[in-house]
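Data first, discussion second: the structure below is written as structure tokens.
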Amino acid sequence: MENLYQINCVIKSYIQPFERVLAFKELEALAGSNPLPIKGNELDSLNFSVQSKFSQKELANRLAYWERVYNGNELEHIVTKQVRVEATTTLLKKDKYPLDFQDLLPFNGNVPKINRRNLRYGPHGIHEYRGKFFPQLVRSLLNISGASESSKVMDPMCGSGTTLVESMLMGCQTFGLDLNPLSVFISQTKCDVLNVNPELLEEQYKTLRQQISNQGLSKNNKLKWFLRLSIEDQEYLKNWFSEDVLVELDSIVARIEQVKEVVCKNLFKVALSNIIRNISWQKDDDLRVRKHIPENSEINVSKLFLDELDRSVNSILVLLYENQGLNTGKNQLFEGDSRKSAQIFKNQVGKIDAIITSPPYATALPYLDTDRLSLYYLNFLSRSGHRERDYDMIGNREITKTNREAYWTYYLKHKSFLTQEIVDLIDLIYNLNQKNKVGFRRENLPPLLSKYFFDMKRIFESYKLLLRQGGMAFVVVGNNHTNSGDTRIEIETDNLLAKLGESCGLILEEKLSMDMLVSRDIFKKNAGKAESILFFRKA
């Protein structure tokens, strides 16, 4: 009979209702028994008691939505590792020199109090990315799945790499895919910096910073980097950046290219990528391709870059110093198609313990358009290859007349392979559009939706192949709507994908509705609504 520990746990007071549900699920999964409120009831209590197969220290190292744990005397509590890493951001002040961090970390008893959610710590704090996962959400789902250091975790649509980073921090072996080359670069960099030597990072960072701030940037640069790009990309970028900005950018890239340590160089490139949109003529908070040239268009590129460099590097450094001695897992990350994930990772078929992912919503976000300036300027994708890549993206809303006809013909021939709920929705939208005068976007929607759900069917079939028996897939998805004439049609993607996943042989254990927060990213006006987490298990 295994020893059980009687442990008290204090839940975070500021989390959302759905996060509170996840908090109880993760604690129950780790402890092996239900947590019980010490005072009050389960709905409003902050203090809970649980009989646990894990020790106080082990729980403190794993829990995502809990603040501290103790064995009876609350004065002798242990602050959870999650709270500690979130608290590292309290040290990030503009006047704080990096070398001070190693004297302050790891926290020794006095962990700064956190009174609100912190989604941007460590690698999660670098580079804007629409639709970012909450890192605490991923960590809690890892706990619910039963993941351990020997586990294999996958995100076949990895975006900015949140699942990969959190899995590595837990010691898991991670696997990721994405069709967006910038996503792959950001994700790989975030994973790589978890193991970089902090002293080396400081050294490379200081050298680059000194070169740019003290020596200044050459104004007579011959645009060596820029001229390496294709003529088509050069002409396009000239329409989105002033000449002075391109000259300064080229000088910064030249300095970055001189950095010897590849991981550091890539981190500095990520920092540069994150300002490219802001120094362009792209309208800032618009996902579409829209130009806005301000009256006062003078931009200090080097200052903006150095500010971003400071923020990104320091965010990594404080995490590295707090996590000294932590054994991280390994990762495999490729630029690839999630529909082919079982082929790409054929050696992992039947071996994956958990999949945690958020597929793009049907026709919701123009991912490549949003990132196009970084993609072209950093030479990750050429303009000539952009549209073809766009057509391969799951949930893409761009379509030619030829593709539209091909998608619709395929749907009419093969719709029996989709669930009846999906067929009913697509047919309803199509029939209403035939009766009403609609624009090309709405006319395109039925064939695009059919393409989306056929793609998701292939993805669910890959999940079933990749997961081990009993393995779990957590799919975070949001809903949408459309209008045809005076009729509003709800596209309940969560319910539709739940049924589709079941039709592919996965067991739907639960659908948890997420209370949406106001989005904190620069695309908040475009954020989706009514998200849900689908809990699937392979029999």
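Each residue of the sequence shown is one higher than the one before, counting from -3 in the numbering used here.
Beta carbons are placed, not taken as given, at the ideal position from N, Cα and C, and that holds for glycine.
Quantities reported herein were computed from a predicted structural model and do not represent experimental measurements.
* Sheet register partners of Gly474 (DSSP bridge) -> Glu527
* Run through DSSP, which three-state label would Phe103 get? -> coil
* Asked: Can you tell me where the alpha helix (DSSP H) with Ala14 in it begins and where it stops?
  -> With the sequence shown as reference, residue 14 is identified as Phe, and Ala is not the correct amino acid for it. Under the DSSP assignment, Phe14 falls in the alpha helix (DSSP H) whose first and last residues are Pro13 to Ala27.
* According to the Cβ coordinates, are Ser446 and Arg335 closer than 8 Å? -> Contact flag unset, no.
* Which class does Pro33 belong to by DSSP, given the choice of helix, strand or coil? -> strand
* **CA-to-CA distance, Lys409 to Ala143, given in whole angstroms** => Near 42 Å, if we compare the C-alpha coordinates of Lys409 and Ala143.
* Which one or two residues does DSSP pair with Asp451 in a beta bridge? -> Beta-bridge pairing links Asp451 to no other residue.
* To do: Take the Cβ of Ile227 as the centre, count every other Cβ of all protein chains shown within 10 Å, and call the residue buried at 16 or more, exposed below.
  => exposed
* Could I get the ranges of all uninterrupted alpha helix (DSSP H) runs contained in the segment 381 to 405, with 4 residues as the minimum, in chain order? => none
* Output the distance between the C-alpha atoms of Asp388 and Phe264, rounded to the nearest integer angstrom. => 29 Å
* What residues are listed by DSSP as bridge partners for Leu329? -> Gly172
* **Where Cys187 falls: helix, strand or coil (DSSP)** => Looking at Cys187 - three-state DSSP - the assignment turns out to be helix.
* With which residues is Val46 paired in a DSSP beta bridge? -> Ile3
* CA-to-CA distance, Leu59 to Lys77, given in whole angstroms -> 8 Å
* Asked: Comparing alpha-carbon positions, which option in Leu196, Glu195, Leu101 and Leu461 lies nearest Ala350?
  -> Leu461
* To do: Below 6 Å CB to CB, which residues in the same chain sit around Gly501 once its five sequence neighbours on both sides are set aside?
  => Lys460
* Going along the chain, which residues of its own chain have a beta-carbon closer than 7 Å to the beta-carbon of Ser51, five neighbours each way excluded? -> Taking C-beta separations shorter than 7 Å and ignoring five residues to either side along the sequence, the partners of Ser51 in its chain run Tyr1, following chain order.
* Would you report the Cα separation of Val418 and Lys186, rounded to the nearest angstrom? -> Looking at the sequence provided, one finds Ile at residue 418 rather than Val. Those two C-alpha atoms are separated by around 37 Å.
* **Same chain, Cβ closer than 7 Å to Val6, five either side skipped, listed in chain order** => Leu42, Asn43, Trp62, Glu63 and Arg64
* Taking the continuous beta strand (DSSP E) assigned at Ile487, which residues delimit it? -> Per DSSP, the unbroken beta strand (DSSP E) holding Ile487 starts and ends at Thr483 to Ile487.
* Do Ser370 and Ile543 come within 8 Å of each other at the CB atom, strictly closer than that value? -> Nothing about residue 543 can be read from this structure; the chain reaches only from -3 to 535.
* Go to Met164, then tell me how far its beta strand (DSSP E) extends in each direction, as first and last residue. => No beta strand (DSSP E) contains Met164, which is instead part of the alpha helix (DSSP H) from Thr158 to Leu165.
* Terminal residues of the alpha helix (DSSP H) in which Arg546 lies -> For residue 546 there is no data in the structure shown, the boundaries of the chain being -3 and 535.
* Spatial neighbours of Gln328 within its chain, please: CB distance less than 7 Å, with the 5 preceding and 5 following residues excluded, ordered by chain position. => Answer for Gln328: Phe171, listed in chain order.
* To do: Leaving aside the five residues before and after Tyr403 along the sequence, list all residues of the same chain whose C-beta is less than 8 Å from its C-beta, in chain order.
  => Shown here for Tyr403: same chain residues with a beta carbon closer than 8 Å to its own, the five before and five after excluded, namely Ile395, Pro443, Leu444, Ser446 and Lys447 in chain order.
* To do: Identify every run of the alpha helix (DSSP H) within the segment 293 to 380, keeping only runs that are complete inside it and at least 4 residues long; order them along the chain.
  => 297 to 318, 337 to 340 and 363 to 373
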